[in-house]
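Everything on this sheet refers to the single structure shown next.
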Amino acid sequence: MSSSNTIVPYGRRLVPVVIDEIAQNDPERVFASIPKTTDLSEGYVDVTYDAFSRAINRAATFLERTFGRSGSFETLAYLGPFDVRYYILACGASKVGYKLLLPSPRNSLEGQLNLFKSTECEALLTSEGYNLSPQLISESGLTPISIPSLATFLAKGEVPHYPFIKTYEEAKNDLFIVLHTSGSTGFPKPIVLKHGWPSAMDAFNELEPIDGYEHLWLKLRNRRTFVGLPPFHAAGVITALLAPLWFNMITVWQPSNRPLSAVLVDEVLDASNADMIYLAPSIIEDMVQSPASLQRLERLAVIGYGGAPLDPRVGDLLSKKTKIVNTNGSTEMGPLSYWDKAPEDWAYFHYNPADKGVEFRPVGDGAYEQVFVRHPSTDRYHSAWWTFPRLEEYSMNDLYTPHPTKANLWLYAGRADDVIVLSNGEKLNPTNMEVTLRQHPSVKGALVVGQSRFAPAAIMELKGDVARTLTGPQDKATFLEDEIWPLVVKANEAAPAHARLSLDRLIFSNAEKPFARAGKETVQRGATVKLYADEIEEIYTRSEESQDGAHLPKINVGEDSNILEVELGKLIQGVTKVTNLEREQDFFTTGIDSLHVMTVVRLLKKTLVGIPHEEISSRLMYSHPSLSRLAAALKIMAEDDEIANGDRDGSREAYMQLILAEFSSQLPKISPKLPETSQNLVVLLTGSTGSLGSYLLHSFLAFFGVLKVYCLNRSADAEDRQMKENAKKGLSFGWEDRVEFLYADISKPILGLGEHVYNNLKREVSVVIHNQWPVDFNLSLTSFIPHLQGVSNLIAFSSRSPRSPPIFFTSSIGTLGHWNQINPSSPLVPEIALKDPRIPLHQGYSESKWIAENLLDAARLKSGVSSAILRIGQITGPVNVGKKGVWNRNEWFPSLVASSKYLGMLPDGLPGQEDVGWVPVDIVAEIVVELVVGDCIGGESRPWTRYYHVCNAKEGNWGDLVGVVKEHLERKHRENIEVVAFKEWLRRLEDSAEGENIDIEKNPGVKLLDFYNAMRHDESGNVIMDVSETERRSEKIRELKPVSAEWVSLWMEQWDF
1 MSSSNTIVPY
11 GRRLVPVVID
21 EIAQNDPERV
31 FASIPKTTDL
41 SEGYVDVTYD
51 AFSRAINRAA
61 TFLERTFGRS
71 GSFETLAYLG
81 PFDVRYYILA
91 CGASKVGYKL
101 LLPSPRNSLE
111 GQLNLFKSTE
121 CEALLTSEGY
131 NLSPQLISES
141 GLTPISIPSL
151 ATFLAKGEVP
161 HYPFIKTYEE
171 AKNDLFIVLH
181 TSGSTGFPKP
191 IVLKHGWPSA
201 MDAFNELEPI
211 DGYEHLWLKL
221 RNRRTFVGLP
231 PFHAAGVITA
241 LLAPLWFNMI
251 TVWQPSNRPL
261 SAVLVDEVLD
271 ASNADMIYLA
281 PSIIEDMVQS
291 PASLQRLERL
301 AVIGYGGAPL
311 DPRVGDLLSK
321 KTKIVNTNGS
331 TEMGPLSYWD
341 KAPEDWAYFH
351 YNPADKGVEF
361 RPVGDGAYEQ
371 VFVRHPSTDR
381 YHSAWWTFPR
391 LEEYSMNDLY
401 TPHPTKANLW
411 LYAGRADDVI
421 VLSNGEKLNP
431 TNMEVTLRQH
441 PSVKGALVVG
451 QSRFAPAAIM
461 ELKGDVARTL
471 TGPQDKATFL
481 EDEIWPLVVK
491 ANEAAPAHAR
501 LSLDRLIFSN
511 AEKPFARAGK
521 ETVQRGATVK
531 LYADEIEEIY
541 TRSEESQDGA
551 HLPKINVGED
561 SNILEVELGK
571 LIQGVTKVTN
581 LEREQDFFTT
591 GIDSLHVMTV
601 VRLLKKTLVG
611 IPHEEISSRL
621 MYSHPSLSRL
631 AAALKIMAED
641 DEIANGDRDG
651 SREAYMQLIL
661 AEFSSQLPKI
671 SPKLPETSQN
681 LVVLLTGSTG
691 SLGSYLLHSF
701 LAFFGVLKVY
711 CLNRSADAED
721 RQMKENAKKG
731 LSFGWEDRVE
741 FLYADISKPI
751 LGLGEHVYNN
761 LKREVSVVIH
771 NQWPVDFNLS
781 LTSFIPHLQG
791 VSNLIAFSSR
801 SPRSPPIFFT
811 SSIGTLGHWN
821 QINPSSPLVP
831 EIALKDPRIP
841 LHQGYSESKW
851 IAENLLDAAR
861 LKSGVSSAIL
871 RIGQITGPVN
881 VGKKGVWNRN
891 EWFPSLVASS
901 KYLGMLPDGL
911 PGQEDVGWVP
921 VDIVAEIVVE
931 LVVGDCIGGE
941 SRPWTRYYHV
951 CNAKEGNWGD
961 LVGVVKEHLE
971 RKHRENIEVV
981 AFKEWLRRLE
991 DSAEGENIDI
1001 EKNPGVKLLD
1011 FYNAMRHDES
1021 GNVIMDVSET
1031 ERRSEKIREL
1041 KPVSAEWVSL
1051 WMEQWDF
């Protein structure tokens, strides 16, 4: 170390000695970087080896003055804040002849006392102000001794050197640090590390590359690494103490007063200049949910993790941007030795085939147990032989599967003792299934159980905020079916047939009984199974009682209603053991719970005749919670299955009402509060990358009163796409910190966001603009149910927020398409709620928008949520940005013009669209922003629902504009364009669709034949919308001009037709 020619004795060095050597030869070299204060905005300060060595000397002097020197490695314990003092004390104690016990503060009282007793602990060290349990103090009989502060240890000034006086050969078998097992199956057991234990990791430095890949641990060299692991854990010792010594890494520490979270990692990365992280996988998975956090991860040179598998989707995403270091090990074994590999193989461990001390022994089902055996080629790299000097072989009980095509690559497949043996003798490794179930952003942990049972079951642990919102059995069952079940299906696809989960064997954990976890946040299986023994027994008791529905009589929905109610009652009472269930009695007043409901639903799917099984869900029982209501709902659903398909008006409208009733029943109850008001706006905008969304974002940024816009989109690359699209359209794209993009799925609880992101939005957002809806007129209403769930979730978001942000919903003129037919004597559509389900057009798009409008209206009374319904007419291309913007060529009118060019003819009329009340997209956005500002700044405090008609009251006429289109096409293409009746134009379009080689690009109208046919048969005429209230509140709409020849010419130029 003193010169470049020095031969370093890798694998034969002592930790306290190396620290002193570096302090002497390279005193300014940095060991760690620590926060200046608990406020990370004040930055970090580096701890040099000179400072670290002096701190250890101070600690040694303090311990000798307090306890004297030890000649037999007596045990001292330390419990304190998570900071560098853990390793200052460990090294200081070793110089004085003691070994330091580092117990987890999470251990139970009995666990701590057992550790103190079994290690013959002499004293308990702690930090001033650290909160020790009074019971621990009294029952251990140890008087806590406060150590100096971290600032005192690291203070500048001369300190007498306190040497470690033994050589490697003399000290290698001496006792150094005491760690312990997790205690998942009993009390934590102490694991005593000798001074030789760290030397195995040091020896990795001498290992040569294999197949062009260097040893994986060497990726830590010269890195500035934020280590988010507890210092009392072996993983913390390895990464925060040993990696700096052996690989010249700098450890970045977090503030000791804050728990680790994705938010804290963001702050640490911003403040510390770290270029690597080493974290538990769950934190990395949380970070990926935020685009801003994802960007931070992608900028890192290395992402390290260990202790549990990383979600494959997360690993695949990150491995394309940065190096992923996947590590494994144990307290007894220390870090394992493996080599780097190709980026796409990030999840695999690369072992050297020449190492004879590592064996993979087959255990069946394609899995192999990893076993370490003594062999000269590998003994010096395995710390296990320091822990177990008398053993000839050692297994961590870990299972692996080989790469299907590449040699020497092994994928972790769980622990051998985690394998579940079912009652039929079949085996199940639950690890992959649990990883899949954890993919939901609201799931904190998943535990698959089933030892000696007929089939597996699963317990899901939800994150705190979500768990608190699911208070009733309906909420839990709906969440299970809608949110968890799709992941169960995915997990089942990869599982053998005998090992698949079913809905009635899924439960949520009790928030009062969190899963037992080890220091690295991994779930302790044995302890958690024991904790939930009663709940597990209940799952199987109920499941066995209702396992086979074959013996049950069929229930024909076509029977008389009274008979149907009786048959339903027999089935429900048989499952629930409720007696004398009255026909009008609410199920949930009788003690029926979510597990009962799941069992009943499963049996109904087996016994009901006349309804497709996929239509039967727990929501049906929760929305119709009595025999009479359930029977009535089933009768409606069974009408030739027309409700689901919307084939007949009566069924269609009943189905719409049914869906509205179901979502209305989920609305949160109003919570009395006075909304916070402000003269500035923080906007939450969905669908910002869409056509209207781009202009809305631009218009909000143009208003000085908007402090920030949060854009929720369903793609991780939304910001890049937005910037490119906005630049192409001549809109704002240099928004800096005024815009933040969030990867979200609003159909999921807490909008598919991480808990910390969701809570931050609740605090900040003052208005929601919901502009995310698929524009597909071919979809049925059923296809829009996830989007209606999104509306419901936004209502819940507003209801929970202290600012009660109103929701502005971009609805459609399609919601009032049949107004003239239903109200022939009132041709003007008022700006009010439309409660008649016959009014919307017969298409899922318009029907779903009608339901969303009425759901928002119901939320005003039930949930105290304000909203504005923006019924927007036909949106055209922009008119104020020249040729840069464009009216979407796939919409009905641009497609009509393109096909007219292809056919050589234009229609002389547009049935239902003769009066052209269209509005350019850039002006629509300005109107919306004007309405938002007027309603949200200084608005009324009581909940309200307003209806605005965003259309052009100064209508043009197609007859006046067709000539402009004709002239443009003829001038540009030098071909004659004929003007014909719409009926004739449509016939020619239909004929063009019958050929074998249809050119969709040149003739896109063939994709919209159903739409144009509906126009031809529309005898209701143009719908005329009252705009008086909208005009009163919007100057922009008052100034709107009729669609002009100038606008039409501009759109033609934008399309380049």
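Residue numbers (the UniProt record's numbering): 1 to 1057. Just so you know, even glycine gets a beta-carbon here, dropped at the ideal spot from N, CA and C.
Item                                                                                                         : Value
Closest Cα partner of residue 705 within the set 396, 933, 1050, 975                                         : 933
Beta carbon of residue 855 nearer than 8 Å to that of residue 1009                                           : no
Beta-carbon proximity list for residue 484, same chain, < 8 Å, skipping 5 on both sides                      : 437, 440, 443, 460, 506
Nearest to residue 862 (by Cα), restricted to the options 252, 637, 302, 943                                 : 943
When 636, 494, 527 are compared against residue 559, the one with the closest alpha-carbon                   : 636
Beta carbon of residue 291 nearer than 8 Å to that of residue 696                                            : no
Whole-angstrom C-beta distance between residue 597 and residue 494, which should lie under 8 Å               : Actually they do not touch by this definition, with Cβ atoms about 28 Å apart.
Contact set for residue 367: own chain, Cβ-Cβ below 8 Å, skip 5 residues either direction                    : 399, 400, 401, 413, 429
Residue environment, residue 582, which counts as buried when at least 16 other CB atoms sit within 10 Å     : exposed
Beta-carbon spacing of residue 627, residue 565 below 8 Å                                                    : yes
Distance between beta carbons of residue 657 and residue 837, contact taken as under 8 Å                     : 6 Å
Between the CA atoms of residue 843 and residue 647 - distance to the nearest angstrom                       : Interpretation of residue 647 is limited by its pLDDT of 41, a score under 50 that renders its predicted location unreliable; no figure is taken from the coordinates.
Selection from 131, 272, 149 that minimises the alpha carbon distance to residue 42                          : 272
Candidates 541, 336, 721, 512: closest to residue 528 by CA position                                         : 512
Residues near residue 592 in its chain [Cβ-Cβ closer than 6 Å; skip 5 each side]                             : 576
Where residue 299 falls, given that 16 or more other Cβ within 10 Å makes a residue buried                   : exposed
Residue(s) in a DSSP beta bridge with residue 978                                                            : 905
C-alpha distance - residue 266 paired with residue 810, whole-angstrom precision                             : 34 Å
Continuous beta strand (DSSP E) stretch holding residue 1081: start and end                                  : Residue 1081 is absent from the model: the chain starts at 1 and stops at 1057.
Ranges of the beta strand (DSSP E) found wholly within the stretch 256-292, counting only runs of at least 3 : 276-279
Spatially closest choice to residue 136 from 917, 103, 163, by CA coordinates                                : 103
CA-to-CA distance, residue 342 to residue 421, given in whole angstroms                                      : 35 Å
Beta-carbon gap between residue 227 and residue 278 smaller than 8 Å                                         : yes
Alpha carbon of residue 435 to alpha carbon of residue 730, nearest angstrom                                 : 45 Å
Cα-Cα separation between residue 146 and residue 376, rounded to whole angstroms                             : 46 Å
Alpha-carbon to alpha-carbon, residue 388 and residue 332                                                    : 8 Å
Every unbroken beta strand (DSSP E) inside the stretch 916-961 [3 residues or more]                          : 945-950
Burial state of residue 344 (16 or more Cβ within 10 Å)                                                      : exposed
For residue 621, three-class secondary structure by DSSP                                                     : helix
Residue range of the beta strand (DSSP E) that includes residue 397                                          : 393-402
Buried/exposed call for residue 8, threshold 16 Cβ in 10 Å                                                   : exposed
Cβ pair count under 8 Å reaching 3, the stretch 966-986 against the stretch 889-902                          : yes
Euclidean distance between Cα positions of residue 1040 and residue 1056                                     : 26 Å
Alpha-carbon spacing of residue 953 relative to residue 841, whole angstroms                                 : 21 Å
Where residue 811 falls: helix, strand or coil (DSSP)                                                        : strand
C-alpha distance - residue 720 paired with residue 445, whole-angstrom precision                             : 33 Å
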